[in-house]
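Asks: Just passing along the structure, written as structure tokens.
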Amino acid sequence: MKNFRRLPRFSNIRRQSSAASKFVPKQITTLPVFLHNHLFPNVEVPSTASNDAFSKKLEILEKPVLRNANLLQHFEAVAREKTDTYSAYMDEMMQWNLEKLYKLLPKEFNFRTGWTRYDHQTGEITEVSHPLESCSVFDVEVCVTDAEPKGKLPTMAIALTSKAWYSWCSKRLVENTPYYDFATTNEMIPLSVDGEDRKARLVVGHNVGFDRARTREPYLQYKTGLRYFDTLSAGASIYGMADHQQGLYNKDDLTEEKTIFRKDWAAMKLEKLMAKWRTNATKVSLKDLCKFLLSEDKDRLSKKISMMKKTERDYFVKEPIMFFRETKNFQECMAYCALDVIATAKAFQKLVPKFREMYPSPVTLYGFLNMGDAYLPINRYWPQYYDSCEKALLEQKQQNSIQIVKSAKTLCEETNITDPWLWTEDWKLSRKDSNPRWYNNLFANAEQRGLSIEDIGDDTLNVRYGKLIPKIFGMVYGPYPLYDHPVYGWGYLIPVVDECRDLKPDDFVELGKEKSKVLMPAGALWNIYNERFGAPSKTNKVSKRI
């Protein structure tokens, strides 16, 4: 990689002098005395408070008025004032009878440009400019294969309120109008109307940032009262997991993970730990989140949502827009969109109590609602800037890929299974090209493996094998080569001095149990410690003995 250098793997790196590693503390100046006394009246002024001539001049400034006795209470009072209306809307939506509302779903959706309203009570179908109620659940679908800009503009949408179902169709879908080079708010979905768009409104969606980007209000030149509640973000904050945990979460066979333990009781403990973790974590796609949240619900709608299929989603990815103009396909895809809406509403009703329990402060709710309301003003130079950044990114990725492949090729020629970093990887040679399997796993497919260095592109490498990169570049923590533990993640191994003193450079130690043993190049690792820093002392503590 451009900004990386391959660390010398067997060089005599000497410990730097202790003087070179000393820290010189830098004093950070804090608030001026007058401002500190105003904001923190009951806290002693620290010695770091600024008290110079410039700070004294600031005393003429008008001090902020605190709503309460301290800053925390002040911000909570302000946030509560800003979120009370939206919190009331959330309370209202918690009372919706979703089973009843789903039964009122229109048997047939209106194929017309703009919004159509289907009244719950009267069944009356009317054309409207926007959903009339103040809170709604909303979902947008996009025909990805449509003409430029591909997948950027909305094709159809569904909204649900306490009083009506709503459907929306784009002008291009209904009237086959052409795309323009630059979209305007006329192609976006209106959720309010001029003159009323400053009124507080709440829209609930799953991954609602996608839907928000296709609505009119974010592109207006003034701040509206519309706020979005994202069930994906809420679910991730409560039940989510890091990217690197997803593979383990999906894994049923833990045999590989169990082999790292010497004792059977430790392996059993892992099983119990995993079972408990899975009851408190889930992937946060709408389907997975609903399956997790509704697993104990016995009503018919919850079962339908838990078992929902995503077949129709493929239509929006693969089919041209004329596919959706056919009556049968249009009705089927609208019904699919409506089920997504009702599923989002179900997830919302399950998440809100837990969200409020975990994040009771109104400041958190204010941030949650407003972080999805960012505004980025642009002009005609934006596409040029975007294309320039995209080009620079792809060039950088290509250079990174070239450096990774070059280093990996060198390792294949210079080293073997005794490598202190790559010993956990598969060194068996491929029959087709005689490369170690770990090397072949670096590439996206077999075709990419045969490319010359000059032909390597930004998409050559397999992103799933990113954990090989620190091993290829020989990254260390102090004298210790980094080690990726299947359960604990990245760390490093510290030798037990008494057991390692007599090791020779080519000695191995067996780890694991029968059928899944791994040979650790203990001699090579010990040799590195000795060459770099001398043998570790007996006082070295072992964090986790393997």
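Under my numbering, the residues of the sequence shown are numbered 1162 to 1707, in order.
Ideal Cβ positions, reconstructed from N, Cα and C, are used throughout, including at glycine.
All values reported here derive from a predicted model rather than from experimental measurement.
Taking all protein chains shown into account, do 16 or more other C-beta atoms lie within 10 angstroms of the C-beta of Gln1609, making it buried, or fewer, making it exposed?
Replies: Taking the first residue of the sequence shown as position 1, residue 1609 is located at position 448. With 16 or more Cβ atoms within 10 Å of its Cβ, Gln1609 is classed as buried.
Asks: Considering only the beta carbon of each residue, do Gly1370 and Gly1533 sit closer than 8 angstroms?
Replies: Here residue 1370 refers to the residue found at position 209 of the sequence shown. Here residue 1533 refers to the residue found at position 372 of the sequence shown. A contact, by the Cβ cut-off of 8 angstroms.
Asks: Classify Gln1234 as buried or exposed, calling it buried when 16 or more other Cβ atoms lie within 10 Å of its own Cβ.
Replies: Sequence index remark: in the sequence shown, residue 1234 carries index 73 (1-based). Counting Cβ neighbours within 10 Å, Gln1234 comes out exposed, since fewer than 16 surround it.
Asks: Would you identify the three-state DSSP class for Tyr1547, choosing helix, strand or coil?
Replies: Sequence index remark: in the sequence shown, residue 1547 carries index 386 (1-based). Helix at Tyr1547.
Asks: With DSSP as the reference, please indicate the residues paired to Asp1280 in a beta bridge.
Replies: For this step, residue 1280 is matched to residue 119 along the sequence shown. DSSP output for Asp1280 lists Ala1325 as bridge partner(s).
Asks: Could you tell me the distance, in whole angstroms, from the CA atom of Arg1486 to the CA atom of Ala1344?
Replies: Taking the first residue of the sequence shown as position 1, residue 1486 is located at position 325. Taking the first residue of the sequence shown as position 1, residue 1344 is located at position 183. Each residue's Cα considered, the two are about 22 angstroms apart.
Asks: May I have the straight-line CA-CA distance separating Asn1229 from Asn1198, to the nearest angstrom?
Replies: Your numbering for residue 1229 matches position 68 in the sequence shown. Your numbering for residue 1198 matches position 37 in the sequence shown. When rounded, the distance between both Cα atoms is 15 angstroms.
Asks: Quick test of your reading: Pro1523 and Thr1277, contact by CB under 8 angstroms. State the CB separation rounded to the nearest angstrom.
Replies: Stepping through the sequence shown from its first residue, residue 1523 is reached at position 362. Stepping through the sequence shown from its first residue, residue 1277 is reached at position 116. Contact flag wrong, Cβ pair sits at about 37 angstroms.
Asks: Mind checking which residues open and close the beta strand (DSSP E) that includes His1646?
Replies: The sequence position of residue 1646 within the sequence shown is 485, counting from 1. 1641-1646 is the extent of the beta strand (DSSP E) around His1646.
Asks: Do Val1502 and Asp1300 have their beta-carbon atoms positioned less than 8 angstroms apart in this structure?
Replies: Working through the sequence shown from its first residue, we reach residue 1300 at position 139. Working through the sequence shown from its first residue, we reach residue 1502 at position 341. Yes; because the gap between Cβ atoms is below 8 angstroms, this pair is in contact.
Asks: Identify the continuous alpha helix (DSSP H) that holds Glu1608 and give its terminal residues.
Replies: Your numbering for residue 1608 matches position 447 in the sequence shown. 1607-1610 is the span of the alpha helix (DSSP H), which, as asked, contains Glu1608.
Asks: Could you check whether the Cβ of Ser1549 sits closer than 8 angstroms to any Cβ belonging to chain D?
Replies: Of the protein chains in the structure, only one exists, and it is not chain D.
Asks: With H, G and I counted as helix, E and B as strand and the rest as coil, what does DSSP make of Asp1372?
Replies: Residue numbering aside, residue 1372 sits at position 211 when the sequence shown is read from its first letter. Note: Asp1372 maps to helix in three-state DSSP.
Asks: Starting from Cys1296 and walking both ways along the beta strand (DSSP E), at which residues does that stretch end?
Replies: In the sequence shown, counting from the first residue as 1, residue 1296 sits at position 135. Unbroken beta strand (DSSP E) run through Cys1296: 1296-1302.
Asks: Distance, Cα to Cα, Asp1280 vs Ala1325?
Replies: By one-based count along the sequence shown, residue 1280 stands at place 119. By one-based count along the sequence shown, residue 1325 stands at place 164. Rounded to the nearest angstrom, the two C-alpha atoms are 4 angstroms apart.
Asks: Would you tell me roughly how many angstroms separate the C-alpha atoms of Thr1621 and Asn1602, rounded to the nearest one?
Replies: One-based indexing of the sequence shown puts residue 1621 at position 460. One-based indexing of the sequence shown puts residue 1602 at position 441. Each residue's Cα considered, the two are about 11 angstroms apart.
Asks: Could you name each continuous alpha helix (DSSP H) segment of 4 residues or more that falls completely within the segment 1436-1499, going from the start of the chain to the end?
Replies: Complete alpha helix (DSSP H) runs here, min 4: 1447-1454, 1461-1467, 1472-1479.
Asks: CB Met1317 to CB Glu1302, shorter than 8 angstroms?
Replies: On the sequence shown, position 156 is the one that residue 1317 refers to. On the sequence shown, position 141 is the one that residue 1302 refers to. Cβ atoms of Met1317 and Glu1302: closer than 8 angstroms.
Asks: Does the contact criterion of 3 or more C-beta pairs under 8 angstroms hold for the segment 1648-1668 versus the segment 1683-1690?
Replies: Yes, they touch.
Asks: With distance defined between alpha-carbon atoms, name the residue in Lys1218, Leu1200, Val1194 nearest to Thr1209.
Replies: For the purposes of this step, residue 1209 is taken as residue 48 along the sequence shown, with counting starting at 1. It is Val1194 whose Cα lies nearest to the Cα of Thr1209.
Asks: Along the chain, where does the alpha helix (DSSP H) containing Leu1409 start, and where does it finish?
Replies: On the sequence shown, position 248 is the one that residue 1409 refers to. Taken as a continuous stretch (DSSP letters only), the alpha helix (DSSP H) holding Leu1409 covers 1404-1410.
Asks: Quick one: is Asp1710 buried, meaning 16 or more other Cβ sit within 10 Å of its Cβ, or exposed?
Replies: Only positions 1162 to 1707 of the chain appear in this structure, which leaves residue 1710 out of reach.
Asks: What number of angstroms, rounded off, separates the C-alpha of Ser1182 from the C-alpha of Lys1567?
Replies: Reading the sequence shown from its first residue, position 21 is the one you call residue 1182. Reading the sequence shown from its first residue, position 406 is the one you call residue 1567. For Ser1182, the pLDDT reaches just 44, beneath the cut-off of 50, and the residue's location in the model is therefore unreliable, although a value from the coordinates is still provided. For Ser1182 and Lys1567, the distance between alpha carbons rounds to 34 angstroms.
Asks: Rounded to whole angstroms, what's the CA-CA distance from Ser1247 to Ala1504? Just pull it up for me.
Replies: The count along the sequence shown starts at 1 and reaches residue 1247 at position 86. The count along the sequence shown starts at 1 and reaches residue 1504 at position 343. Note that residue 1247 is Tyr in the sequence shown, not Ser. Distance between the alpha carbons of Tyr1247 and Ala1504 is about 21 angstroms.
Asks: Since Asp1645 and Lys1628 should fall inside the 8 angstroms C-beta cutoff, what is the C-beta to C-beta distance between them, to a whole number of angstroms?
Replies: By 1-based counting over the sequence shown, the position of residue 1645 is 484. By 1-based counting over the sequence shown, the position of residue 1628 is 467. Confirmed, Cβ separation roughly 6 angstroms.
Asks: Could you check if Asn1258 is buried or exposed, using at least 16 other CB atoms within 10 Å of its CB as the buried criterion?
Replies: Mapped onto the sequence shown, residue 1258 falls at position 97. Under this definition Asn1258 is an exposed residue.
Asks: Among residues of its own chain, excluding the 5 on either side of Asn1623, which ones have a beta-carbon nearer than 7 angstroms to its beta-carbon?
Replies: On the sequence shown, position 462 is the one that residue 1623 refers to. The answer, listed in chain order, is Asn1602, Leu1603, Phe1604, Ala1605.
Asks: For Trp1438, count the other beta carbons within 10 Å of its own beta carbon; 16 or more makes it buried, fewer makes it exposed. Which is it?
Replies: Within the sequence shown, numbered from 1, the residue matching residue 1438 stands at position 277. So Trp1438 ends up on the exposed side.
Asks: Can you tell which of Arg1241, Pro1514, Arg1474 has the C-alpha that lies nearest to the C-alpha of Met1254?
Replies: Indexing the sequence shown from 1 puts residue 1254 at position 93. When each option's Cα is compared against that of Met1254, the closest is Pro1514.
Asks: The alpha helix (DSSP H) with Thr1392 in it runs from where to where?
Replies: As a working note, residue 1392 is residue 231 in the sequence shown. Segment 1392-1400, the alpha helix (DSSP H) holding Thr1392.
Asks: Which residue comes first and which comes last in the beta strand (DSSP E) that contains Trp1582?
Replies: Along the sequence shown, one-based indexing puts residue 1582 at 421. Taken as a continuous stretch (DSSP letters only), Trp1582 belongs to no beta strand (DSSP E), as it is neither H nor E.
Asks: Taking C-alpha atoms, which residue in Tyr1649, Pro1647, Tyr1641 lies nearest to Ile1655?
Replies: Your numbering for residue 1655 matches position 494 in the sequence shown. Cα-wise, what sits closest to Ile1655 is Tyr1641.
Asks: Considering Thr1246, what are the terminal residues of the alpha helix (DSSP H) in which it resides?
Replies: Counting from one through the sequence shown, the residue named residue 1246 turns up at place 85. Unbroken alpha helix (DSSP H) run through Thr1246: 1232-1255.
Asks: Since Phe1453 and Tyr1400 should fall inside the 8 angstroms C-beta cutoff, what is the C-beta to C-beta distance between them, to a whole number of angstroms?
Replies: The residue labelled residue 1453 in the question sits at position 292 within the sequence shown. The residue labelled residue 1400 in the question sits at position 239 within the sequence shown. Between Tyr1400 and Phe1453 the Cβ distance is about 7 angstroms, and since that is below 8 angstroms, they are a contact.
Asks: Helix or strand or just coil, what does DSSP make of Trp1687?
Replies: Counting from one through the sequence shown, the residue named residue 1687 turns up at place 526. In the structure shown, Trp1687 sits in a helix (DSSP, three-state: H, G or I).
Asks: Give me the DSSP bridge partner(s) of Glu1288.
Replies: The residue given as residue 1288 occupies position 127 in the sequence shown. Paired residues: Thr1277.
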